[in-house]
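> If you read the protein sequences in the order shown, they are chains A and B. The first sequence: position 372 = 372 (our numbering), numbered continuously. The second sequence: position 85 = 522 (our numbering), numbered continuously. Using N, Cα and C, we set each Cβ at its ideal position, and we do this for glycine too.
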Amino acid sequence: MSTDGQNDKLDRRGFLARAGLGAVTAGAAGAGILGPGSTADAAGGQRTTGTADDALLRDAPIVIPRGDPTLAAVPFHGEHQAGITTPKPPAGAFASFDVTAQSRAELIELLKTLSQTARFLTGGGTPPAPTVDAPPADNGTLGPTVPADALTVTVGFGSTLFDQRFGLADRRPLRLKPMLPFPNDNLDPAQTGGDLLIQLCAGNPDTTLHAMRQITRATRGGLALNWRLEGFTSPPRPSGVPRNTFAFKDGIANPDVGDEAVANRLLWVTDGTGEPAWATGGSYHVVRIIKQFVEFWDRVSLAEQQQMIGRFRDSGAPLDGSAEGDIPNYKADPLGYVIPLTAHIRLSNPRTQATEDSRIFRRGYNYDRGVDLNGNIDVGLVFNCFQQDLERQFIANQTRLIGEPMVDYISPIGGGYFFAVPGVRDAQDWYASRLFA
Amino acid sequence: MKSAVAALLMAAVLAGCGNSSHAADPPRTTTTTALGTGGTAGRRVSANYVAPVVTIQLAQPLAHYTVYVDDLLTLLHGQLATLHAAALRGDLSAAEADWSTAHFTWLELGQDDSAYGAFGELGQQIDGMAAGLPHTVHSPAFTGFHRIELDLWGHHSGTAAAADIAHLAVLVRRLRPAEVQRDLPLTALGVDAWVLRCHEILEDALRDSLSQNDDYGSNSDLGTLAADVNATHEMLAVLAPLIEARRPKIVPSATTDLRVLTREIEAAGGPAAHRNLRAMPLRQRQALEEATGAAVETLAPVSEILQVTVPGS
Numbered sequence: 001m002s003t004d005g006q007n008d009k010l011d012r013r014g015f016l017a018r019a020g021l022g023a024v025t026a027g028a029a030g031a032g033i034l035g036p037g038s039t040a041d042a043a044g045g046q047r048t049t050g051t052a053d054d055a056l057l058r059d060a061p062i063v064i065p066r067g068d069p070t071l072a073a074v075p076f077h078g079e080h081q082a083g084i085t086t087p088k089p090p091a092g093a094f095a096s097f098d099v100t101a102q103s104r105a106e107l108i109e110l111l112k113t114l115s116q117t118a119r120f121l122t123g124g125g126t127p128p129a130p131t132v133d134a135p136p137a138d139n140g141t142l143g144p145t146v147p148a149d150a151l152t153v154t155v156g157f158g159s160t161l162f163d164q165r166f167g168l169a170d171r172r173p174l175r176l177k178p179m180l181p182f183p184n185d186n187l188d189p190a191q192t193g194g195d196l197l198i199q200l201c202a203g204n205p206d207t208t209l210h211a212m213r214q215i216t217r218a219t220r221g222g223l224a225l226n227w228r229l230e231g232f233t234s235p236p237r238p239s240g241v242p243r244n245t246f247a248f249k250d251g252i253a254n255p256d257v258g259d260e261a262v263a264n265r266l267l268w269v270t271d272g273t274g275e276p277a278w279a280t281g282g283s284y285h286v287v288r289i290i291k292q293f294v295e296f297w298d299r300v301s302l303a304e305q306q307q308m309i310g311r312f313r314d315s316g317a318p319l320d321g322s323a324e325g326d327i328p329n330y331k332a333d334p335l336g337y338v339i340p341l342t343a344h345i346r347l348s349n350p351r352t353q354a355t356e357d358s359r360i361f362r363r364g365y366n367y368d369r370g371v372d373l374n375g376n377i378d379v380g381l382v383f384n385c386f387q388q389d390l391e392r393q394f395i396a397n398q399t400r401l402i403g404e405p406m407v408d409y410i411s412p413i414g415g416g417y418f419f420a421v422p423g424v425r426d427a428q429d430w431y432a433s434r435l436f437a
Numbered sequence: 438m439k440s441a442v443a444a445l446l447m448a449a450v451l452a453g454c455g456n457s458s459h460a461a462d463p464p465r466t467t468t469t470t471a472l473g474t475g476g477t478a479g480r481r482v483s484a485n486y487v488a489p490v491v492t493i494q495l496a497q498p499l500a501h502y503t504v505y506v507d508d509l510l511t512l513l514h515g516q517l518a519t520l521h522a523a524a525l526r527g528d529l530s531a532a533e534a535d536w537s538t539a540h541f542t543w544l545e546l547g548q549d550d551s552a553y554g555a556f557g558e559l560g561q562q563i564d565g566m567a568a569g570l571p572h573t574v575h576s577p578a579f580t581g582f583h584r585i586e587l588d589l590w591g592h593h594s595g596t597a598a599a600a601d602i603a604h605l606a607v608l609v610r611r612l613r614p615a616e617v618q619r620d621l622p623l624t625a626l627g628v629d630a631w632v633l634r635c636h637e638i639l640e641d642a643l644r645d646s647l648s649q650n651d652d653y654g655s656n657s658d659l660g661t662l663a664a665d666v667n668a669t670h671e672m673l674a675v676l677a678p679l680i681e682a683r684r685p686k687i688v689p690s691a692t693t694d695l696r697v698l699t700r701e702i703e704a705a706g707g708p709a710a711h712r713n714l715r716a717m718p719l720r721q722r723q724a725l726e727e728a729t730g731a732a733v734e735t736l737a738p739v740s741e742i743l744q745v746t747v748p749g750s
């Protein structure tokens, strides 16, 4: 194992300090990589310590070069919830809850509280100053002023919320149901389903974690966590759509939901879809925790990897194309000589008139969370998609993918079907208010 | 029967050589005119040259392997009869031992949990897991070895086991000879898939057995791992001449890796020990994981080296 740059630096600094060569050399060496803002603090601290007692090792504040920690706020109010068609920031967190509220009235209070909390967090601002008679209202992990950081809070309901507990049985979205396993699934009940799902997206993972803590705190007593998972989106490597943990660019072929006609056809529940009236403006939300066996994948030849996916790994181009945005021409290749008939992109989106209506809008995140029982790295994809109709879109898509060659390298282990409720309209509105009207 | 199947296969393999443009058999190496330019060109350099393999060169390994498969199936029929008798008379401890013996025989075919689908739907019925079924273990489609495992270790029911064993015996009998032929494919693409087993049998062990995802109560994954080692040894043995002619270091180092793995299995109690891997001390489990991991790393290039070149493409 080679020593990384940071340890190397620490060793050298320790040596220099002991030899009495002082702060100037080391400080100068460090300054080049200190970000703006942290330079003064770090250098100041070092000088003070160095002068006070040369026998003590000096502090070297950790240096993290990274992007903008304060992305602009994404509007919270609207016809649809944010976090669906709004730009996908790098950090994504998912949490499934069961509702422990005891009555319909309590559930309504819970949703109002959740709305208020989300409204504040997504807008950012300064929380109330701590007082002497209670712990601080904000956990403080984002500093005294909460930056918006493009946070979105997207709330969805599972089919179990529409049982007898809250008198909502006759208002269940038509297609909402529990996620049954597909033939290649290995669903763990502890990571599957739930009454309510919250998707948090933001510019940085500390922002989503801050929000998760504020939300669970505000709803304590009414919402019990089932499972949660944090994800990330990689930066372009080196350009274009980000890569998943199999190194392939993932999410190239999303429908253009910026076009309102497309969105109304594929994404949003509209008045004509036979759904209960309150559901208009919502969207079916599918989350699948898909473990990816990256060790196994890394032992597969590039040619076979590309045949399984149907794209070139390096460029993201379909195997019959030259750039990632190229549309594969399946009509010219009916026997699958260039892009195999079983390639993932071909099964998932055959690009025929008949399958256009089954297209889904993906918004996935990679996850990385430790070690599996067999010593493998536990990484994968939080497959995350939105659609107007669960059956016609996601389920039809996934049914086409049953038995695809890639199934040996992945294992869907959890997630669920949810209904992302319509947007919170204004400062007086709250999540799914029309459901209770 | 045995030699008849082998001869049939040999003939079909020979025939397959002259028929490389079969519609169901798209060549792995696509022509440069049809292939897009989005890849990285010039990846192969002469220092990495590998002598091409044509289908006919796999005829003899396939013939040997057919004999191996046929012998195991014959053995399995007898073992299932013994297992059935034990379950019928309600002797659960004998049935558990007989189940392990029969299951290990099945695994030596290289068909662990029917992961690679070589026997198709039938393989799934014989050794599939319940996870992907709508009602998992309660589904009527959950059949075969793992259902019987649940009958014996989970429900302690000789009666349920006997019925499920009888069903399994019918399924296994359907494998021969037609399914065996399907398992040992005749097309270039199919042969490539067969060659993949060199490392994929142990990939499967690593994924499903060392995680004990495939356990329904018997805690027999040490034995599963040992059977997978045997199946891999057999693949290596029949393919050794072809591999050694191209990359002489792989077979000896894979053989060493497999010996290390066998030693670690012994150290953990041996194939007959029923051990819950989830409860095994971390050090011991790590030794098994690393030995398996090392073997698959060594074996991974085999499928590339032996990738079949279709003449004329």
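(1) Under 8 Å Cβ-Cβ, which residues of chain B neighbour D185 of chain A?
(2) Would you mind working out which of A:V287, A:G221, A:D333 sits nearest G414 of chain A, comparing C-alpha positions?
(3) What's the gap between the Cα of A705 of chain B and the Cα of G560 of chain B?
(4) With a threshold of 8 Å on Cβ separation, who are the neighbours of D41 of chain A within its own chain once the five nearest residues in sequence on each side are excluded?
(5) Contact between the segment 397–409 of chain A and the segment 179–198 of chain A: three or more CB pairs below 8 Å?
(6) Of the residues B:A484, B:R644, B:T661, B:L509, which one's Cα is nearest the Cα of R712 of chain B?
(7) Is there a Cβ of chain A sitting closer than 8 Å to that of A732 of chain B, yes or no?
(8) Leaving aside the five residues before and after N329 of chain A along the sequence, list all residues of the same chain whose C-beta is less than 7 Å from its C-beta, in chain order.
(9) Looking only at C-alpha atoms, which of A:W430, A:A82, A:D170, A:T152 sits nearest to A277 of chain A?
(10) Given that a residue counts as buried once 16 or more other Cβ atoms are within 10 Å of its Cβ, and exposed if not, what is K331 of chain A?
(11) Could you tell me which whole alpha helix (DSSP H) segments of length 4 or greater appear in the segment 639–685 of chain B?
(12) Mark V438 of chain A as exposed unless 16 or more other C-beta atoms lie within 10 angstroms of its C-beta, in which case mark it buried.
(13) For R58 of chain A, name the three-state secondary structure that DSSP assigns.
(14) Note down, in chain order, every chain A residue with its Cβ under 8 Å from the Cβ of G737 of chain B.
(15) If we define contact as Cβ-Cβ less than 8 Å, is N397 of chain A a contact residue for chain B?
(16) For A225 of chain A, report the span of its alpha helix (DSSP H) as first-last.
(17) Can you tell me whether A23 of chain A is helix, strand or coil according to DSSP?
(18) Pick out whichever of B:D641, B:R684, B:H636 has its Cα sitting closest to the Cα of V670 of chain B.
(19) Does the distance from the C-beta atom of L517 of chain B to that of A606 of chain B stay below 8 Å?
(20) Would you list, in chain order, the members of the segment 370–390 of chain A that have their beta-carbon closer than 9 Å to a beta-carbon of chain B?
(21) Can you list the residues of chain A that R712 of chain B reaches, using a CB-CB cut of under 8 Å?
(22) If we define contact as Cβ-Cβ less than 8 Å, is L743 of chain B a contact residue for chain A?
(23) Please tell me whether R715 of chain B has its Cβ less than 8 Å away from any Cβ of chain A.
(24) Report the start-end ranges of each alpha helix (DSSP H) in the segment 228–268 of chain A that is 4 residues or longer and not cut off at the edges.
(25) Three or more C-beta pairs closer than 8 Å, one from the segment 335–347 of chain A and one from the segment 361–368 of chain A: is that the case here?
(26) Could you tell me whether any Cβ in chain A is nearer than 8 Å to the Cβ of L513 of chain B?
(27) So within the segment 522–604 of chain B, which uninterrupted alpha helix (DSSP H) runs reach at least 4 residues, ignoring any that extend past its ends?
(28) Under 6 Å Cβ to Cβ from S740 of chain B, same chain only, skipping five residues before and after it: list those, please.
(29) Check whether the segment 303–312 of chain A touches the segment 246–255 of chain A, taking contact to mean three or more Cβ pairs, one atom from each stretch, closer than 8 Å.
(30) Verify whether the separation of the beta carbon atoms of I290 of chain A and I410 of chain A is less than 8 Å.
(31) Looking at the C-beta of S38 of chain A, does it have a partner C-beta in chain B at a distance below 8 Å?
(32) For P238 of chain A and chain B, any beta-carbon pair shorter than 8 Å?
(33) Using only CA atoms, which one of B:N485, B:T503, B:T492 lies nearest to V675 of chain B?
Reading from the atomic positions:
(1) Within chain B, the residues whose beta carbon sits less than 8 Å from that of D185 of chain A are A568, G569, listed in sequence order.
(2) Cα-wise, what sits closest to G414 of chain A is A:V287.
(3) A705 of chain B and G560 of chain B have their C-alpha atoms roughly 30 Å apart.
(4) Because the pLDDT at D41 of chain A is just 42, under 50, the model does not fix this residue reliably, and the value given afterwards should be weighed accordingly. The answer, listed in chain order, is P61.
(5) Output reads yes: the segment 179–198 of chain A touches the segment 397–409 of chain A.
(6) Nearest to R712 of chain B by alpha-carbon distance, out of B:A484, B:R644, B:T661, B:L509, is B:T661.
(7) It does not; no Cβ of chain A falls within 8 Å.
(8) Residues D320 of the same chain have their beta carbon placed closer than 7 Å to that of N329 of chain A, with the five preceding and five following residues left out of the count.
(9) It is A:D170.
(10) Exposed, by the Cβ-count rule.
(11) Within the segment 639–685 of chain B, the complete alpha helix (DSSP H) runs of at least 4 residues are 658–681.
(12) Nothing can be reported for residue 438 of chain A, as the shown portion of chain A is limited to 1 through 437.
(13) In the structure shown, R58 of chain A falls within a coil segment according to DSSP collapsed to helix, strand and coil.
(14) Checking the sequence shown, residue 737 of chain B turns out to be Ala, not Gly. Chain order gives the chain A residues near A737 of chain B as R299, V300, where near means a beta carbon separation below 8 Å.
(15) At a cut-off of 8 Å between C-beta atoms, N397 of chain A does not count as an interface residue with respect to chain B.
(16) At residue 225 of chain A the sequence reads Leu, which differs from the Ala that was named. Here L225 of chain A belongs to no alpha helix (DSSP H); instead the beta strand (DSSP E) covers 223–232.
(17) With a pLDDT of only 38 at A23 of chain A, under the threshold of 50, the placement of this residue in the model should not be trusted; the figure read from the coordinates follows. Assigned with DSSP and collapsed to three states, A23 of chain A falls in helix.
(18) A small correction: the amino acid at residue 670 of chain B is His; Val does not occupy that position in the sequence shown. Comparing Cα positions, the closest option is B:H636.
(19) Annotated as proximal: L517 of chain B and A606 of chain B, with beta-carbon spacing under 8 Å.
(20) Within the segment 370–390 of chain A, the residues whose Cβ lies closer than 9 Å to some Cβ of chain B are D372, L373, N374, G375, N376, listed in chain order.
(21) By Cβ distance, chain A contributes nothing, its closest Cβ being about 14 Å from R712 of chain B, past 8 Å.
(22) False, the Cβ-Cβ gap to chain A never drops below 8 Å.
(23) True, the Cβ-Cβ gap to chain A drops below 8 Å.
(24) Runs of the alpha helix (DSSP H) inside the segment 228–268 of chain A: 260–266.
(25) No, because fewer than three Cβ pairs between the segment 335–347 of chain A and the segment 361–368 of chain A fall closer than 8 Å, the two stretches do not touch.
(26) With a threshold of 8 Å between beta carbons, L513 of chain B makes no contact with chain A.
(27) Correct list: 529–544, 557–564, 582–586.
(28) Counting only Cβ-Cβ distances below 6 Å, and skipping sequence neighbours, we find V632, L633.
(29) Touching, yes, given that three or more Cβ pairs across the two stretches are closer than 8 Å.
(30) I290 of chain A is a Cβ neighbour of I410 of chain A, given a cutoff of 8 Å.
(31) Note that S38 of chain A scores 38 on pLDDT, short of 50, meaning its location in the model is unreliable; the coordinates nonetheless yield the value given after this. No, no contact with chain B.
(32) Taking 8 Å as the threshold, the shortest C-beta distance from P238 of chain A to chain B does not fall below it.
(33) Of B:N485, B:T503, B:T492, the residue nearest in Cα terms is B:T503.
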